[in-house]
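Engineer: Read top to bottom, the protein sequences are chains P and V. In terms of the working numbering, the first sequence opens at residue 6 and continues consecutively. In terms of the working numbering, the second sequence opens at residue 106 and continues consecutively. Just so it is clear, CB atoms sit at the ideal spot from N, CA and C, and this is done for glycine as well.
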Amino acid sequence: MRSEFRLRAERSLASQRARGNIRRAMDGLILKRRAAFPDLDELERLRDQGQAIRDQALANLPELLERLERRCATNGMHVHWAEDAAEANRLILDIIRRHGGHAVLKGKSMVSEEIGLNAFLAGHDIEPIETDLGELIIQLAREHPSHIVAPAVHKDRREVAELFARHFPEEPYGEDIEHLTALARRMMRERFRATRIGLSGVNFAVAETGTLCLVENEGNGRLSTTAPDVHIAITGIEKVIARLEDLAPLLTLLTRSATGQPITTYVNLISGPRKPNELDGPHEVHLILLDNGRSRIHADPELRATLRCIRCGACMNHCPVYHRIGGHGYGTVYPGPIGAILEPQLQGLERQGELAQASTLCGACGEVCPVRIPIPDLLNRLRFEQAQGRALRHGRRSGRERFLWRLWSLIHASPASYRRISGFVTRLRILARIRLGPWTRTRAAPRIAARSLHVLAQREGFRDD
Amino acid sequence: MTDARDSILARLRAARVDSRPEPSVPVRRFSWSRRETVERFRIGLESVRAQVHRVDDDWPRMLATRLRESKVKNLRYGPDGPLGEELRAGWPTDGPELIAHDQPIEACREALFTNTDAGFTSCLGGIAETGSLVLWPSRAEPRLLSLVPPVHVVLIEADRIVPTLHAMMSEQRWSESMPTNALLISGPSKSADIEQTLAYGVHGPEKLIVLIRGEDRPTGDRFAGQPEAID
Ligand code: SF4
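Structure follows, in structure tokens:
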């Protein structure tokens with residue numbers, strides 16, 4: 006029986022249009038990132054630094070969170086803690102209700118996706134208004150983001166134009182990107198003016214100063230956090246960093262890794278609500294610190310590295326599996342390599358363990374990750390745990406599997422037997438009509454070469470020792 | 106609520122952690138001359154379509170002319186801001202209408218959102234490495250003044266441009282007192298959410314005009330001839 010993940014992946018593979026859109030975007034992002042780090046030695050030093058900053062923050066996580074809470078409170082913010090999605094949603098709803106709100110301006114926030122906030126609010130008669138262009142497109146299309154940085158990356162301009170035409174029929178039709186962008190601006194303008202509650206994510210929370218750092222290009226994030234009377238920020242507990250000066254290298258790594266920009270158009274540092282003598286800004290700022298499985302990840306010294314993530318998206322931009330199945334293929338909030346290690350940990354191996362298989366272990370994700378998360382190692386670790394769990398549940402390997410592995414180790418036990426067998430296989434290759442189960446269902450079978458690499462190398466003068 | 110707090114913290118405390126050395130900051134340091142610092146700042150901003158002009162003390166007149174040419178009918182400014190008096194005094198009588206922005210937002214939201222063409226602010230400084238303006242909005246120049254009007258005009262003194270964000274934070278000791286809102290602004294608002302193709306003017310200002318003053322002034326030449334280590 007094929008799993009849900011396999012069915013979803015097959016559907017994504019069949020969608021040529023989305024695949025083309027994703028592929029083009031990813032190729033572009035890879036080039037932009039490369040151009041943004043012309044000095045490779047410097048990049049490696051920066052990654053060391055990024056890793057060290059995040060590692061240190063995670064090593065002192067409880068102290069830093071308390072410090073953050075204290076500083077934010079001193080600055081006049083309200084700090085809340087939430088164990089899980091339900092509790093976070095409830096907190097948000099209470100704040101909105103207390104202010105009699107019926108709609109919420111939303112800056113881009115993956116954590117709000119994680120807790121299913123939009124559906125929850127809609128179920129309580131509160132309208133979530135996605136203000137980021139990509140998120141707006143996704144909301145109108147009733148989909149979920151397919152990328153953590155570029156949520157609508159799987160759609161092309163024609164799809165967006167048709168979508169806008171359906172939702173804003175009174176506006177002139179156009180497929181030009183400037184036209185579509187201007188249309189989104191016009192549609193959103195009145196909402197920014199009139200909506201009294203805004204919600205955003207957080208890129209980094211600085212414990213030292215009680216500062217929330219948000220990066221963005223469109224200005225919707227600034228508007229959502231500045232124009233309303235109330236600003237609610239939600240973040241995972243792992244986003245805290247110790248010092249304000251840590252921001253400098255992290256921002257450099259984040260924006261260059263994500264989109265190749267030296268910096269985003271706006272870096273918004275929020276350290277409190279409007280003071281009595283100020284003329285604008287929200288009267289209330291709420292910070293919600295969400296656990297939702299993170300403290301469990303934190304408990305494991307190896308898996309803890311997962312929490313270093315700064316959500317730049319570079320791992321998915323460089324992932325051959327993501328390139329082909331896109332974000333929707335994973336069926337989780339966080340797709341790509343980071344999703345493949347994070348989701349099985351957040352939701353449990355029983356539910357999402359298969360995602361750890363959604364990798365060729367080519368290693369690209371680990372090479373580009375700005376905070377050096379050893380994603381391939383963690384994938385292996387999760388695969389191992391999953392296999393162990395299976396073994397515990399179903400006893401040892403099946404008879405056929407046991408037989409194959411024994412054969413394999415027999416062949417590889419001595420150079421002579423290996424040579425004999427590989428020579429035999431290459432000679433018989435004409436007969437081979439290999440069907441390798443699931444492998445050949447969506448791929449061509451590998452062709453066996455006429456000479457083994459070993460033989461070719463010997464001919465070139467390489468010696469066995 | 107306290108329950109969640111205490112149990113989350115308790116779980117985190119139970120984890121085994123090895124203490125880590127303090128990470129060192131920064132990696133990036135540059136030994137640019139003052140001229141090069143300003144030049145990089147300008148190039149950075151222009152590469153994201155900001156309009157950069159070098160100006161002298163007659164800047165209000167020059168600005169009025171530019172704005173009139175691009176059909177800007179009015180300009181909001183903070184009369185009590187560092188440059189408010191200078192702007193008003195030098196503003197030509199035939200320039201776009203000057204509007205004093207000194208009311209709580211509750212009293213001027215409508216006018217700001219629907220009837221303002223441009224907003225003017227000063228800034229705290231600039232960052233050459235990334236081509237960024239640093240703004241600390243204040244009572245005199247509130248947050249939305251640089252955000253809601255379709256055009257944002259900023260005047261920056263050349264000697265306030267430093268090589269990196271880290272240099273600015275540490276020289277000005279930001280960590281000792283942060284304002285309610287601090288901003289880095291690097292160009293007009295933009296998006297690449299459709300086909301990764303840049304389009305300018307999404308929700309923030311469509312146009313960013315940066316006036317650099319005092320570049321040829323010899324004083325305050327902190328960076329020239331002071332090579333710093335690049336480690
Ligand atoms: S795992 Fe690394 S590369 Fe992937 S999103 Fe997180 S920080 Fe970026």
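1) Around the C-beta of residue 45/P, are 16 or more other C-beta atoms found within 10 angstroms, so that it is buried, or is it exposed?
2) Using a Cβ-Cβ distance under 8 Å, would residue 217/P count as near chain V?
3) List the residues of chain V that residue 273/P touches, going by C-beta distances under 7 Å, in chain order.
4) Any beta carbon of chain V sitting closer than 8 Å to that of residue 431/P?
5) In the structure shown, what three-state DSSP assignment does residue 200/V receive?
6) Which of the three DSSP states is assigned to residue 86/P in this structure?
7) Which word fits residue 282/P, buried or exposed, when buried means at least 16 other C-beta atoms lie within 10 angstroms of its C-beta?
8) Which whole-angstrom value describes the C-beta separation of residue 316/P and residue 115/P, a residue pair presumed to lie in contact below a C-beta threshold of 8 Å?
9) Which full runs of the alpha helix (DSSP H) of 4+ residues lie inside the stretch 175-235 of chain P, going along the chain?
10) Just by C-beta distance, which residues in the stretch 289-301 of chain V are closer than 9 Å to chain P?
11) If you compare alpha carbons, which of 328/P, 403/P, 352/P and 405/P is closest to residue 23/P?
12) How about residue 333/V: is its C-beta nearer than 8 Å to some C-beta of chain P?
13) Considering only the beta carbon of each residue, do residue 210/P and residue 165/P sit closer than 8 Å?
14) According to DSSP, is residue 312/V helix, strand or coil?
15) Residue 313/V to residue 301/V, Cα distance in whole Å?
16) Please check if any C-beta of chain P sits within less than 8 Å of the C-beta of residue 116/V.
17) Apart from the five residues on each side of it in sequence, which residues of its chain come closer than 6 Å, Cβ to Cβ, to residue 200/V?
18) Residues of chain P with CB closer than 8 Å to the CB of residue 279/V, please, in chain order.
19) Check whether the Cβ of residue 100/P lies closer than 7 Å to any heavy atom of ligand 1, and answer yes or no.
20) Return the chain-ordered list of same chain residues with a C-beta closer than 8 Å to the C-beta of residue 251/V, the five sequence neighbours on each side being excluded.
21) What ranges does the alpha helix (DSSP H) occupy inside the stretch 101-135 of chain P, keeping only unbroken runs of at least 4 residues that lie completely in it?
22) Would you verify that the beta carbon of residue 267/P is, or is not, closer than 8 Å to some beta carbon of chain V?
23) With DSSP as the reference, label residue 290/V as helix, strand or coil.
24) In angstroms with no decimal places, state the Cα-to-Cα distance between residue 119/P and residue 90/P.
25) Would you say residue 161/P faces chain V, with C-beta separation under 8 Å as the test?
26) Under three-state DSSP, which class holds residue 353/V?
27) Could you check where the alpha helix (DSSP H) with residue 348/P kicks off and where it finishes?
28) Cutting at 7 Å between CB atoms, please list the residues of its own chain near residue 347/V, excluding the five before and the five after it.
29) Quick check: residue 183/V and residue 234/V, are their CB atoms within less than 8 Å of each other?
30) Are the Cβ atoms of residue 69/P and residue 309/P separated by less than 8 Å?
31) Measuring only between beta-carbons, confirm whether residue 328/V sits less than 8 Å from chain P.
32) In terms of residues, what are the limits of the alpha helix (DSSP H) holding residue 148/V?
33) How far does the beta strand (DSSP E) with residue 10/P in it reach, from first residue to last?
34) Buried or exposed for residue 305/V, please, with buried defined as at least 16 other CB atoms from any protein chain shown within 10 angstroms of its CB.
35) Use the C-beta contact count for residue 408/P: other C-beta atoms within 10 angstroms, 16 or more gives buried, fewer gives exposed.
36) For residue 409/P, name the three-state secondary structure that DSSP assigns.
Structural biologist: The short version:
1) Taking the first residue of the first sequence as 1, we reach residue 45/P at position 40. It counts as exposed.
2) In the first sequence, the residue the question calls residue 217/P occupies position 212. So no, residue 217/P is outside the interface.
3) If you number the first sequence from 1, residue 273/P lands on position 268. Residues of chain V passing the Cβ test: 288.
4) Here residue 431/P corresponds to residue number 426 of the first sequence, with the count starting at 1. False, the Cβ-Cβ gap to chain V never drops below 8 Å.
5) Position 95 of the second sequence, counted from the first residue, corresponds to residue 200/V. It is coil, neither helix nor strand.
6) As a first step, residue 86/P is located in the first sequence; it is residue number 81 there, counting from the start. Here residue 86/P sits in strand by DSSP.
7) Position 277 of the first sequence, counted from the first residue, corresponds to residue 282/P. Flag for residue 282/P reads exposed.
8) Taking the first sequence and counting its residues from 1, the one referred to as residue 316/P is at position 311. Taking the first sequence and counting its residues from 1, the one referred to as residue 115/P is at position 110. Indeed, because the Cβ distance is near 6 Å, the residues count as touching under 8 Å.
9) Taking only runs of at least 4 residues, the alpha helix (DSSP H) segments lying wholly in the stretch 175-235 of chain P are 182-199 and 225-231.
10) 289, 290, 291, 292, 293, 294, 295, 296, 297, 298, 299, 300 and 301
11) Start at 1 with the first residue of the first sequence, and residue 23/P comes out as number 18. Selected option, being the one with the closest Cα: 328/P.
12) The sequence position of residue 333/V within the second sequence is 228, counting from 1. Residue placement at residue 333/V cannot be trusted, given a pLDDT of 37 that sits under 50; what the coordinates show is reported in the next sentence. It does not; no Cβ of chain P falls within 8 Å.
13) The residue given as residue 210/P occupies position 205 in the first sequence. The residue given as residue 165/P occupies position 160 in the first sequence. No, Cβ-Cβ distance for residue 210/P and residue 165/P is not below 8 Å.
14) Along the second sequence, read from residue 1 onward, the residue named residue 312/V stands at position 207. DSSP, reduced to helix, strand and coil, places residue 312/V within a strand of the structure shown.
15) Along the second sequence, one-based indexing puts residue 313/V at 208. Along the second sequence, one-based indexing puts residue 301/V at 196. So the two alpha carbons sit approximately 22 Å from each other.
16) Taking the first residue of the second sequence as 1, we reach residue 116/V at position 11. By this cut-off, residue 116/V is an interface position.
17) The residue you call residue 200/V lines up with position 95 of the second sequence. Here the set comprises 169.
18) As a position in the second sequence, residue 279/V is number 174, starting the count at 1. Per Cβ cutoff of 8 Å: 214 and 249.
19) Counting from one through the first sequence, the residue named residue 100/P turns up at place 95. No, since every heavy atom of ligand 1 falls outside the 7 Å radius drawn around the Cβ of residue 100/P.
20) As a first step, residue 251/V must be located in the second sequence, where it is residue number 146. So the qualifying residues of the chain are 224, 226, 240, 242, 257, 259, 288, 290 and 310.
21) 115-119 and 122-128
22) Here residue 267/P is taken as the residue at index 262 of the first sequence, counted from 1. With 8 Å as the cut-off, residue 267/P counts as an interface residue toward chain V.
23) What you label residue 290/V is simply residue 185 of the second sequence in a count that begins at 1. Looking at residue 290/V - three-state DSSP - the assignment turns out to be strand.
24) Along the first sequence, one-based indexing puts residue 119/P at 114. Along the first sequence, one-based indexing puts residue 90/P at 85. So the two alpha carbons sit approximately 8 Å from each other.
25) As a working note, residue 161/P is residue 156 in the first sequence. Yes, its Cβ sits closer than 8 Å to a Cβ of chain V.
26) Coverage of chain V is limited to positions 106 through 336, which leaves residue 353/V absent and any answer about it impossible.
27) Residue 348/P sits at position 343 when you count from the first residue of the first sequence. Where residue 348/P is concerned, the enclosing alpha helix (DSSP H) stretches over 341-352.
28) Residue numbering for chain V in the displayed model covers 106 to 336; residue 347/V lies beyond these limits and cannot be assessed.
29) Looking up residue 183/V in the second sequence gives position 78. Looking up residue 234/V in the second sequence gives position 129. Result no, Cβ atoms of residue 183/V and residue 234/V do not sit closer than 8 Å.
30) If you number the first sequence from 1, residue 69/P lands on position 64. If you number the first sequence from 1, residue 309/P lands on position 304. Contact: no.
31) Taking the first residue of the second sequence as position 1, residue 328/V is located at position 223. Here residue 328/V scores only 40 on pLDDT, less than 50, and its place in the model should not be relied on; the value that follows carries that caveat. Closer than 8 Å: no.
32) Taking the first residue of the second sequence as 1, we reach residue 148/V at position 43. The continuous alpha helix (DSSP H) containing residue 148/V extends over residues 139-151.
33) Residue 10/P sits at position 5 when you count from the first residue of the first sequence. Residue 10/P -> not in any beta strand (DSSP E); alpha helix (DSSP H) instead, spanning 9-19.
34) Here residue 305/V corresponds to residue number 200 of the second sequence, with the count starting at 1. Buried, since its Cβ has 16 or more Cβ neighbours within 10 Å.
35) Here residue 408/P refers to the residue found at position 403 when the first sequence is read from its first residue. Burial call: exposed.
36) Here the question's residue 409/P lines up with position 404 in the first sequence. Note: residue 409/P maps to helix in three-state DSSP.
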